[in-house]
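Residue numbers (UniProt numbering), protein chains in the order written: chain A, 1 to 230; chain B, 1 to 230; chain C, 1 to 230; chain D, 1 to 230. We treat Cβ as the ideally placed atom computed from N, Cα and C, and that holds for glycine. The model shown is predicted, which means the values in this text are computed figures rather than measured ones. Notes to accompany the following structure.
4 protein chains.
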Amino acid sequence: MGRYTEIRREAFEANIQIPALGLAIYTFGNVSAYDPDLGVFAIKPSGVPYADLKPEHMVVVDLDNAVVDGDLRPSSDTNTHSVLYRAFAGIRGITHTHSTYATAWAQACMPIPVFGTTHADHLAREVPCTEVMSDAMIRGDYETETGNQILAAFKGLSPAEVEMVLVACHGPFTWGVSAEKALYNSAVLEEIARMALLTRQVNPDAGPLKPSLIDKHYQRKHGKNAYYGQ
Amino acid sequence: MGRYTEIRREAFEANIQIPALGLAIYTFGNVSAYDPDLGVFAIKPSGVPYADLKPEHMVVVDLDNAVVDGDLRPSSDTNTHSVLYRAFAGIRGITHTHSTYATAWAQACMPIPVFGTTHADHLAREVPCTEVMSDAMIRGDYETETGNQILAAFKGLSPAEVEMVLVACHGPFTWGVSAEKALYNSAVLEEIARMALLTRQVNPDAGPLKPSLIDKHYQRKHGKNAYYGQ
Amino acid sequence: MGRYTEIRREAFEANIQIPALGLAIYTFGNVSAYDPDLGVFAIKPSGVPYADLKPEHMVVVDLDNAVVDGDLRPSSDTNTHSVLYRAFAGIRGITHTHSTYATAWAQACMPIPVFGTTHADHLAREVPCTEVMSDAMIRGDYETETGNQILAAFKGLSPAEVEMVLVACHGPFTWGVSAEKALYNSAVLEEIARMALLTRQVNPDAGPLKPSLIDKHYQRKHGKNAYYGQ
Amino acid sequence: MGRYTEIRREAFEANIQIPALGLAIYTFGNVSAYDPDLGVFAIKPSGVPYADLKPEHMVVVDLDNAVVDGDLRPSSDTNTHSVLYRAFAGIRGITHTHSTYATAWAQACMPIPVFGTTHADHLAREVPCTEVMSDAMIRGDYETETGNQILAAFKGLSPAEVEMVLVACHGPFTWGVSAEKALYNSAVLEEIARMALLTRQVNPDAGPLKPSLIDKHYQRKHGKNAYYGQ
């Protein structure tokens with residue numbers, strides 16, 4: 001078994017789940033899996049439909065965006081992934097999609113408020129939204145700057161506690177301790193985004209969850225005395 | 001056949017229907033089945049995906065929340081279930097989900113008005129919504145207090161006539177004479193919640209159903225001269 | 001082959017399409033098929049889930065609502081069907097559902113305006129909505145009065161040209177030259193209802209289609225010089 | 001293999017994808033495939049359900065709308081297709097659907113603003129919407145005039161750069177270098193239309209994407225230095 005077999009398998013399995021979970025049509029999303037020991041990640045090849053993907057198609061790239069193994073061109077979003085792997089210690093998977101409701105909030109350039117416990121079960125604050133990029137950044141190394149915009153939005157935030165972000169005008173990125181967890185976070189974000197819009201439609205004056213309830217739900221799943229799960 | 005085989009089977013079969021009915025993704029919901037003779041209920045284990053569940057995984061718990069049989073940790077919502085089984089005579093199944101539209105009304109902290117006969121076929125008044133919990137309750141035995149909030153919302157209401165509730169900021173709980181009926185009520189509630197939001201979007205001035213029509217539809221299915229069904 | 005075999009088969013095949021087309025959950029809808037020579041119709045039995053239905057379960061009823069063949073109790077909406085078969089010459093099938101968007105318009109007590117050609121391809125005017133029933137009618141022979149309310153809404157309208165109606169506070173009824181066509185009309189109505197709400201959400205000032213365009217689309221499918229289809 | 005076998009196969013395969021992609025129910029959509037060397041296109045027969053279609057059913061028509069091969073009547077929208085094939089050099093496939101969200105924008109008679117990069121990945125300006133047709137045009141050769149309205153909306157626009165349009169009060173037409181690409185554009189348009197409505201619901205003041213970002217996303221997929229795909 002080659003040294004990249006495992007991250008290729010992880011990235012492949014998460015990528016093919018994107019359409020199954022309804023998170024993107026055609027090729028509008030990608031997942032990568034990172035091996036911190038080797039300092040490389042496996043990522044979806046650019047523009048290849050999910051139905052045609054095989055594990056060996058996953059392109060292995062280092063943190064300077066150089067292809068170290070694979071015959072195909074990596075996702076056009078590769079440089080955004082590498083920025084996050086360099087900056088966010090401990091993450092081992094990243095997912096980017098254009099899922100419908102999360103993208104609507106991103107296009108509206110608005111963070112998603114904590115309206116309920118479904119949200120607080122996963123993160124204890126609003127889903128952040130980046131600033132809109134400057135023209136200079138857009139005309140520069142665009143995908144790297146997309147990563148930099150995410151880092152700027154995470155000043156003062158912990159990427160281990162908030163594993164998702166909306167890139168303004170574009171769509172969501174999520175991450176986690178594995179490619180599978182990053183993908184899970186994309187599905188959760190889509191559901192949170194949908195519930196949040198519907199909540200405001202039911203009651204335009206709906207306010208955010210009270211801090212004690214946010215804390216309770218986040219801690220029962222993620223705190224040191226967590227009692228959710230096995 | 002063991003004494004818990006039947007309630008485990010009932011709970012198992014209802015739990016695996018949650019994703020099939022579109023009522024929750026991942027592990028965001030649970031069903032329990034109660035045996036009043038034994039004074040115990042079987043409930044989904046915490047954090048286990050529906051696709052991995054087997055009947056023997058269901059955890060058997062008594063009304064003081066003590067595990068009496070099973071190798072796994074029961075749902076983190078177990079204490080809420082036991083409060084309801086203790087207080088609501090005659091119910092034998094409880095379902096909790098984070099279904100999208102019912103959760104949106106819960107997050108909006110609003111009861112669902114009776115806008116049509118689909119609603120009145122199942123209950124003759126609005127779907128109640130609990131008060132938001134106090135910080136003291138949240139920091140106490142949270143899941144037991146969730147049950148207590150439901151009881152407070154049912155002052156003057158019959159749990160045999162109203163088999164569903166919205167827990168403010170959180171999501172729906174439903175119950176019934178069996179686990180299967182509790183699950184049915186969760187699916188019906190989701191559809192009622194969706195229709196109610198759409199009704200107000202079609203006509204923001206839509207008013208509630210007139211009392212005679214509520215009564216007619218409720219009685220034809222549930223009254224002593226009911227003529228719906230076989 | 002018995003004299004009722006054909007209408008039972010037609011009613012059965014249309015009824016089991018209700019959940020496949022997403023027009024109702026559980027038992028929230030029914031189709032009947034009418035034989036004008038025999039003066040009877042076959043209708044879904046009350047409260048039986050679609051998955052359990054067999055052709056022989058269909059109950060054969062005459063136009064006075066007397067069961068002439070079958071072991072089960074007919075749909076609780078049977079009397080509404082018989083009113084329509086008596087009054088609307090030429091129809092041979094009726095469908096009633098609680099499909100989500102059509103029901104939202106019914107609960108809003110509003111007719112559906114002709115916003116586009118999808119609507120005009122099927123009927124040349126708004127989908128009518130009945131008046132809300134009086135208390136006396138509700139407390140009388142309710143299901144027969146539901147049919148009477150539909151007849152009242154059709155004063156001046158041709159049931160051959162307008163094959164659908166919204167019963168205020170309740171939901172849609174549709175009909176046609178066969179059970180299959182009645183079912184088709186229910187699916188079309190649901191799509192028209194959904195498009196109409198979305199159209200107003202895109203543009204609250206959206207007006208109805210101009211008369212010449214309504215006429216063009218209706219006539220090219222239904223006029224004497226129709227050129228749609230084979 | 002006959003001279004029309006290939007365009008019949010292309011048209012057939014794209015047509016049967018319409019319901020699979022959720023772009024239309026029943027017969028509410030059609031795709032054609034054009035052979036510029038032969039000057040003919042193969043198009044869906046009128047009113048035939050997708051499930052009943054076979055490749056040999058596709059009707060071969062020339063640019064004057066004369067049937068040159070096939071036993072069935074071609075789509076009632078045939079004349080609109082021929083107008084576009086005559087005027088838009090280089091296109092080889094056209095799709096027309098009544099997909100729900102795109103039709104809602106068409107019924108609202110509004111172009112779809114560029115709210116995000118999903119849109120800009122496919123076209124660098126809003127999705128145009130035609131003018132409402134005059135009564136004289138409607139009463140004339142209606143389907144040809146529908147094509148003429150599209151041409152009028154494309155004054156100053158390149159059909160190679162903008163491969164989609166909304167026909168006011170009616171629904172979308174899309175095209176491309178193949179029938180498959182035309183169908184792809186219909187699915188993309190439906191998703192763009194849905195995201196655009198949701199974006200405005202999240203934030204009624206959402207503005208269009210800045211020009212530099214539109215340009216960046218369009219060029220990275222379609223410009224001379226495009227780096228998306230293999």
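Nearest-angstrom Cα distance between residue i and residue j?
| i | j | result |
| --- | --- | --- |
| Tyr184 of chain D | Thr100 of chain B | 30 Å |
| residue 257 of chain B | Gln107 of chain C | Not covered by the structure: residue 257 of chain B. The range shown for chain B is 1 to 230. |
| Arg86 of chain C | Gly29 of chain C | 21 Å |
| Glu143 of chain C | Gly2 of chain C | 29 Å |
| Ala66 of chain D | Gly171 of chain D | 25 Å |
| Pro128 of chain A | Leu198 of chain D | 19 Å |
| Ala160 of chain C | Gln230 of chain C | 21 Å |
| Met110 of chain B | Asp52 of chain D | 48 Å |
| Thr97 of chain B | Arg200 of chain D | 29 Å |
| Val40 of chain C | Ala24 of chain C | 25 Å |
| Pro113 of chain B | Arg125 of chain B | 7 Å |
| Gly70 of chain C | Met58 of chain C | 7 Å |
| Tyr34 of chain A | Gly147 of chain D | 52 Å |
| Gln191 of chain B | Thr27 of chain C | For clarity, residue 191 of chain B is Glu in the given sequence; the question names Gln instead. Those two C-alpha atoms are separated by around 13 Å. |
| Tyr4 of chain A | Phe12 of chain A | 12 Å |
| Thr95 of chain D | Ile7 of chain C | 39 Å |
| Ser134 of chain D | Ser134 of chain C | 45 Å |
| Thr174 of chain C | Val188 of chain B | 23 Å |
| Val83 of chain A | Asp141 of chain D | 58 Å |
| Arg9 of chain D | Val162 of chain D | 26 Å |
| Val61 of chain A | Asn79 of chain A | 10 Å |
| Asp64 of chain A | Ile150 of chain A | 18 Å |
| His81 of chain C | Tyr227 of chain A | 56 Å |
| Ala42 of chain A | Tyr50 of chain A | 15 Å |
| Lys221 of chain C | Phe88 of chain C | 22 Å |
Label residue i either buried or exposed according to how many other C-beta atoms from any shown protein chain fall within 10 Å of its C-beta, with 16 as the threshold for buried.
| i | result |
| --- | --- |
| Gly207 of chain B | exposed |
| residue 237 of chain A | Residue 237 of chain A falls outside the range modelled here, since chain A spans only 1 to 230, and no answer is possible. |
| Arg139 of chain A | exposed |
| Asn225 of chain B | exposed |
| Leu38 of chain A | exposed |
| Gly93 of chain B | buried |
| Tyr218 of chain B | buried |
| Lys54 of chain C | exposed |
| Glu131 of chain C | exposed |
| Gly22 of chain B | exposed |
| Gly90 of chain D | exposed |
| Asp121 of chain A | buried |
| Lys155 of chain D | exposed |
| Gly176 of chain A | buried |
| Ser158 of chain B | exposed |
Measure the beta-carbon distance from residue i to residue j and round it to whole angstroms, keeping in mind my assumption that it falls under 8 Å.
| i | j | result |
| --- | --- | --- |
| Leu213 of chain C | Thr118 of chain C | That pair is no contact at about 12 Å. |
| Val165 of chain B | Ala153 of chain B | 6 Å |
| Leu209 of chain B | Cys169 of chain C | 6 Å |
| Ser46 of chain A | Ser76 of chain A | 5 Å |
| Phe115 of chain D | Ala196 of chain D | 5 Å |
| Val167 of chain D | Ala104 of chain A | Contact doesn't hold; Cβ gap of about 25 Å is too wide. |
Taking 7 Å as the cut-off, is the CB of residue i close to at least one heavy atom of the ligand FMN?
| i | result |
| --- | --- |
| Thr146 of chain A | With respect to small molecules bound, the structure shown includes none, and the ligand FMN cannot be examined in it. |
>> Closer than 8 Å is the cut-off here; do at least three beta carbon pairs connect the region 9-24 of chain A with the region 178-189 of chain A?
In response: yes
>> Please give me, in chain order, every unbroken run of the beta strand (DSSP E) with length at least 3 that falls completely inside the region 4-46 of chain C.
In response: 29-35, 40-43
> Going along the chain, which unbroken runs of the alpha helix (DSSP H) with 4 or more residues stay wholly within the region 193-222 of chain D?
Replying inline: 211-222
>> Extract the residue ranges of the alpha helix (DSSP H) inside the region 112-171 of chain D, only unbroken runs of 4 or more that lie entirely within it.
In response: 117-120, 135-139, 142-153
> Which ranges would you report for the beta strand (DSSP E) in the region 53-84 of chain C if only whole runs of at least 3 residues count?
Replying inline: 59-62, 67-69
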